[in-house]
Amino acid sequence: MSNSIVSLSPLSQLKIPTGFGTRSSTRRFSVISSRLDDNSRSGQPNPQLNLSVLRFTLGIPGLDESYLPRWIGYGFGSLLVLNHFVGSNSVTDITSAQLRTEALGLSLAAFSIVLPYLGKFLKGATPMDQTTIPEGSEQIFMLSENVSNTEKEDLAWATYILLRNTNTMAVLISIQGELCVRGYWNTPTDVSKTDLLDWFGRQIEQFGISDVKDTLYFPQISDSGLWDILPKGTRSVLVQPVPQVPDSSDKTMETNQGFILVASTISYAYNVKDRAWIGALAKKFAECRFVYKLNGSLSVNERRS
Amino acid sequence: MEAGRSFLRTSPLPWAPKRTLPRRFDLALPHIVRASSSSSTEKRYRGPKPTKDWVADWVSKNDDLVRSLPIYVGGVSLLAVLFNRTLSGIAPVADASSSQSRADLLTLGLAVTNILAGLVWLSIRPKTISIVDPEGIECQIVNPDLPNPVVSELLWFWQSLSDVTCCRSLVIVYNSSCIIQLGFAAESLKSDRKPASVDASKLVQGSLYHGVMKSGAQSYLANLSLYPGKSELPFLPSNTQAAILQPLGEKGIAVIGGDTIRGFTTSDQAWISLIGEKLDATLAKYLDNLPFAMLDRV
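If you want it as structure tokens, here you go:
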């Protein structure tokens, strides 16, 4: 078997090394570092939303107008406070009317500051933040060697599509214990490249991530971080379990075949549509058996968990 | 502790017949055996769980209310400022001479900002478009010569599309013959209650196919009724609202019909085009060496 080059797109090429005809008992991993194309999404407007009649814009490129109420809230609020202390000479000069106005003004300022946060959850809101590359993490691409060629292609393609189509900058797919890791991860410097997949496996085992029953979505992660393997600056994480397809004879088995973990540097990175597509991708890795019927049409005996 | 439990799980101890075991062991054993049978599937996720996001849920549910909220807040506070000013007997003059006037002006500015923000939110409210149920016959026709991996991948594609997007029909033509037809199809002209078959050779000679193959990129027909090329897709239900034509390499095309105008979002389009590349790789791998018969006309 010679080197097979799987070209998934003109942009990234994956070389699968030789020598996996024989299964060795010890795990051997190949670290393939590939240059991914620019992960930042070019902000294409959703074609369904070109209905705006009124646009609150200052015309300055690069300035994000949806945060304007917040800045105005901060600015005018501080001016109000300044006016209260500096404007009048003595405390007795401040009338109750002025106090009422200032109270109203400060509450309006607080409301304006909160406004962009509320606006993020409205239908049709696009995330305004750009995906940033986390600092201090390096880009890696690792595939466990104990999988067949077709499975390697599937895993490489699945990680590529996740990195390309969603706001993801790190993805980890684990199917029946075999890992595929791609993107920016916070790997420790003292672990050698060959032991890296083992290290990932141990970290996963520590939290029992492979036993997650339902989809876990952490849309807002604070600076302290969630798990050590995630790079600094991760703000959202989604763990999608890959369901096990139970045998018809044995209905008790409900454990998963694995999971897909994606992480992003912006909060609320995965909307409902993204999560639906990631769920569909997980089903691809679930087992599927089918039976041909005699008349040529196909009946899929796809057993679902 | 975990290791100890797993050891007990894997080695069942035969306790019933052996009466020679010491008394305390006897008492302990039933407990252990029972525990092993019930906790055999107890592998839990032990990490942090995501907290329920009340604000996000509330805003998503009361979308209309939240959109008009800043306008009401701004309007009410505008009136309140003017009311306050007249009540306290201050002349309604818009100058910045006294600190009262300055505070009033700042509050007015904030109120106006809120009103404008509310107007912007109302103007970018996405229009809800209703679903149009396709008129046709449901069918699931697969070329019998296809190898198993290809069929499972195509069926996964269909399952994902129908679960996630507004897709209701899927037709894939490869090497000038139709290899799969799923979902709703138009009723056949020749025989009642049967789905119309796909005339692949006619499709391949048509302008839609040529256009898509020449550009090599996906073609999104957001409102199918406006396109004259609709006549080249007679196998889709006549009231299909939107269609995506995805080229599969240089030899195939996937025709995806949806039930909503502009129903496929940019995210859907991106996913479909990347899955199309994967399908092309799979089809090329399995089908290029395999001559397969044309689908029987129904």
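Listed in order, the protein sequences are those of chains A and B. In terms of my numbering, the first sequence opens at residue 1 and continues consecutively. In terms of my numbering, the second sequence opens at residue 1 and continues consecutively. The beta carbon of each residue, even a glycine, is placed where N, CA and C say it ideally should be.
Not one beta carbon of chain A lies nearer than 9 Å to the beta carbon of Asp259(B). Of all residues in the segment 74–92 of chain B, only Gly74, Ser77, Ala80, Val81, Asn84, Arg85, Leu87, Ser88, Gly89, Ile90 place a beta-carbon less than 9 Å from a beta-carbon of chain A. DSSP places Leu236(B) in no beta strand (DSSP E); its state is neither H nor E. The beta strand (DSSP E) runs lying completely inside the segment 100–147 of chain A and spanning 3 residues or more are 138–144, given in chain order. Look at Glu250(B) here: in three-state DSSP terms it is coil, with no helix or strand label. Sixteen is the threshold: since fewer than 16 other Cβ atoms of the shown chains lie within 10 Å of the Cβ of Tyr72(B), the residue is exposed. According to the DSSP assignment, Gln159(B) belongs to the alpha helix (DSSP H) that extends over 148–164. Here Ser130(B) is exposed. Its C-beta has fewer than 16 other C-beta atoms within 10 Å. If you draw a straight line from the Cα of Pro219(A) to the Cα of Gln240(A), it comes to about 14 Å. Secondary structure of Trp227(A) (DSSP, three-state): coil. The C-beta distance from Ala103(B) to Leu80(A) rounds to 6 Å, short enough to fall under 8 Å.
The beta carbon of Ile175(A) sits no closer than 9 Å to any beta carbon of chain B. With contact defined as three or more Cβ pairs closer than 8 Å, the segment 135–147 of chain B and the segment 236–256 of chain B are in contact. Identification of chain B residues near Phe218(A) by a Cβ-Cβ cut-off of 7 Å yields Pro50, ordered along the chain.
Between the segment 146–157 of chain A and the segment 191–200 of chain A there are fewer than three inter-stretch CB-CB distances shorter than 8 Å, so the stretches are not counted as touching. Counting only the Cα atoms, Gly119(A) lies some 15 Å from Trp71(A). Less than 9 Å separates the beta-carbon of Leu110(B) from that of Ser112(A). Taking each of Lys284(A), Ser222(A), Ser236(A), Ala158(A) in turn and checking the Cα distance to Pro243(A), the smallest one comes out for Lys284(A). The contact set of Gly109(B) on chain A, defined by CB atoms closer than 8 Å, consists of Ile72, Phe76 in chain order. Counting only runs that start and end inside the segment 180–244 of chain A, the alpha helix (DSSP H) elements of at least 4 residues fall at 196–207.
Taking a C-beta distance under 9 Å as the contact criterion, Ser160(B) and Ile244(B) do not qualify as a contact pair. Identification of chain B residues near Glu102(A) by a Cβ-Cβ cut-off of 7 Å yields Ala103, ordered along the chain. Annotation: Gln205(B) is outside any beta strand (DSSP E); the continuous alpha helix (DSSP H) that includes it extends over 200–205. In the three-state DSSP reduction, Phe264(B) falls in the coil class, being neither helix nor strand. DSSP places Gln140(B) in the strand class (E or B) of the three-state scheme.
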